[in-house]
Structure formats: C-alpha cells, structure tokens
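A.B. asks: My questions will all concern the structure given below.
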Amino acid sequence: MDELIAKLRSQVSETQKNVQTDNSQTQSSLNDDVLVIKNENELPEITTSQSDILPKNRFKLDFDILKKYRGENSMKISELKLCDLLKIDGPVWAIVKSIESYKGINGCVHKWELMDESGVIFASSIVSDQSISVGSIICISDFSVWNMGGNHLNIVDRNIKRILN
Numbered sequence: 002m003d004e005l006i007a008k009l010r011s012q013v014s015e016t017q018k019n020v021q022t023d024n025s026q027t028q029s030s031l032n033d034d035v036l037v038i039k040n041e042n043e044l045p046e047i048t049t050s051q052s053d054i055l056p057k058n059r060f061k062l063d064f065d066i067l068k069k070y071r072g073e074n075s076m077k078i079s080e081l082k083l084c085d086l087l088k089i090d091g092p093v094w095a096i097v098k099s100i101e102s103y104k105g106i107n108g109c110v111h112k113w114e115l116m117d118e119s120g121v122i123f124a125s126s127i128v129s130d131q132s133i134s135v136g137s138i139i140c141i142s143d144f145s146v147w148n149m150g151g152n153h154l155n156i157v158d159r160n161i162k163r164i165l166n
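Counting in the working numbering, the sequence shown runs from 2 upward without gaps.
Below is the structure:
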C-alpha cells in the first residue's frame with residue numbers, strides 16, 4: 002500500500018512539473034505574440050500595460066487601435082452594462098478578452114468576455130467564424146441584450162460587422 006501511495010505521489014509531482022513547464026512555454030509563446038499590422042508606421046508607441054492577461058504591451062496597442070476605429074456614435078461597454086434596451090442597433094467596438102467554448106446539440110456555443118477602456122461585459126455567441134480569437138478587435142451591431150443578473154450580449158454571425166486580428 003505504501004509503495005502504491007509513493008508511486009501515485011511521484012506521478013502527481015511529475016505531472017505538476019510538466020504543467021509548470023507547459024505554462025512557462027505557453028507564457029513565452031504569448032510574449033512572442035505580436036499584433037500583426039501591415040503598416041508598422043501606424044502603430045502607436047508602446048508605453049504602458051493595460052492588462053496582465055496577455056503580454057503587457059499588447060493591450061496598449063489594442064486600446065489605441067480600438068480608439069482609432071471607434072466612431073462617435075459607437076457605444077462603450079460601460080454604457081451597455083447600464084442600458085435598458087433589449088436590442089442595440091448602433092456599433093460597439095471591443096477587444097475579445099477571453100473565449101470559452103461549449104459543445105452542444107446544435108453546435109458550439111462560445112462565451113466571450115469583451116472589453117474596452119470603460120469596462121468588461123460577457124457575451125454568448127453561436128458564431129461559425131474561426132478567425133476570432135483572444136485579442137481580436139470586433140465591431141458588432143444589431144444584437145440582443147439579455148438581463149441575466151446584469152446585461153449579457155447575444156451575438157450571432159450577422160451581428161459581427163468587422164474583425165481585426
């Protein structure tokens with residue numbers, strides 16, 4: 002019995018080491034991740050960090066790019082969170098902060114965490130476009146808002162007007 006326990010503990014220890022190694026490799030690959038833009042002269046100067054989720058300089062770039070594309074009539078996340086409307090017609094520009102996917106009977110459902118400089122909001126989507134990933138900047142419009150303990154966005158393919166990777 003003691004031999005079995007010792008063997009299990011060594012396997013757990015080895016697994017933990019492998020997970021730590023995988024995490025460090027993932028972090029180093031994230032640090033190498035750079036937002037691809039065709040004209041590098043358009044990039045703003047990288048000065049500060051906006052988030053610790055992705056590489057420190059990535060969200061600074063994204064927030065500056067987000068401001069560049071957002072128009073005056075675009076809603077901010079903070080406005081969406083306080084909104085009483087069930088349907089939003091105008092554009093909303095946001096950065097995809099995280100994505101969780103769940104397989105169901107009718108396909109794959111995604112839970113997105115969208116953010117801008119004013120806040121974060123959750124969204125559910127049944128979007129077939131595989132080019133959307135963490136760090137993508139998206140423009141959505143004509144989408145529904147659900148109130149489930151706070152506003153939650155419902156997004157389908159036709160709601161996505163533009164994707165910047």
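Cβ coordinates follow ideal geometry from the N, Cα and C atoms, glycine included. Keep in mind that this is a model prediction, so the values were computed, not measured.
Could you tell me the distance, in whole angstroms, from the CA atom of Asn148 to the CA atom of Lys69?
C.D. replies: So the two alpha carbons sit approximately 30 Å from each other.
A.B. asks: If contacts are defined as beta-carbon pairs under 8 Å, then Ser125 and Val110 qualify, I think. What distance do you get, rounded to the angstrom?
C.D. replies: Rounded, the Cβ-Cβ distance is 6 Å, consistent with contact.
A.B. asks: Across which residues does DSSP place Ile96 in a beta bridge pair?
C.D. replies: Looking at the DSSP assignment, Ile96 forms a beta bridge with Met116, Ile138.
A.B. asks: What is the DSSP secondary structure of Ser75, counted as helix, strand or coil?
C.D. replies: Coil, per DSSP.
A.B. asks: In this structure, does DSSP put Leu86 in helix, strand or coil?
C.D. replies: In this structure, Leu86 counts as coil in the three-state DSSP scheme.
A.B. asks: With H, G and I counted as helix, E and B as strand and the rest as coil, what does DSSP make of Ser129?
C.D. replies: If DSSP states are grouped into helix, strand and coil, Ser129 belongs with coil.
A.B. asks: Locate the beta strand (DSSP E) running through Ile156, then write down its first and last residues.
C.D. replies: Start and end: 152-157.
A.B. asks: With three or more beta-carbon pairs closer than 8 Å as the criterion, would you say the region 76-83 touches the region 96-109?
C.D. replies: No: the two stretches stay apart, fewer than three of their Cβ pairs being nearer than 8 Å.
A.B. asks: Report the three-state DSSP secondary structure of Ile122 (helix, strand or coil).
C.D. replies: Correct three-state label for Ile122: strand.
A.B. asks: Assign Ile156 to one of two classes, buried (16 or more other C-beta atoms within 10 Å of its C-beta) or exposed (fewer than that).
C.D. replies: That one is buried.
A.B. asks: Does the beta-carbon of Arg71 have 16 or more other beta-carbons within 10 angstroms, so that it is buried, or is it exposed?
C.D. replies: When all chains shown are included, Arg71 counts as buried.
A.B. asks: Comparing C-alpha positions only, which one of Gln12, Ser102, Asp85, Gly151 sits nearest to Ile133?
C.D. replies: Residue Ser102 is the option with its Cα nearest to Ile133.
A.B. asks: Could you check if Ile106 is buried or exposed, using at least 16 other CB atoms within 10 Å of its CB as the buried criterion?
C.D. replies: Exposed, because fewer than 16 other Cβ atoms sit within 10 Å of the Cβ of Ile106.
A.B. asks: Nearest-angstrom Cα distance between Asp63 and Leu9?
C.D. replies: The alpha-carbon atoms of Asp63 and Leu9 are separated by roughly 45 Å.
A.B. asks: Given this structure, state the Cα-to-Cα distance separating Lys112 from Glu4, to the nearest angstrom.
C.D. replies: Distance between the alpha carbons of Lys112 and Glu4: 44 Å.
A.B. asks: Just how far apart, CA to CA, sit Asp117 and Met2?
C.D. replies: Roughly 55 Å between the two C-alpha positions.
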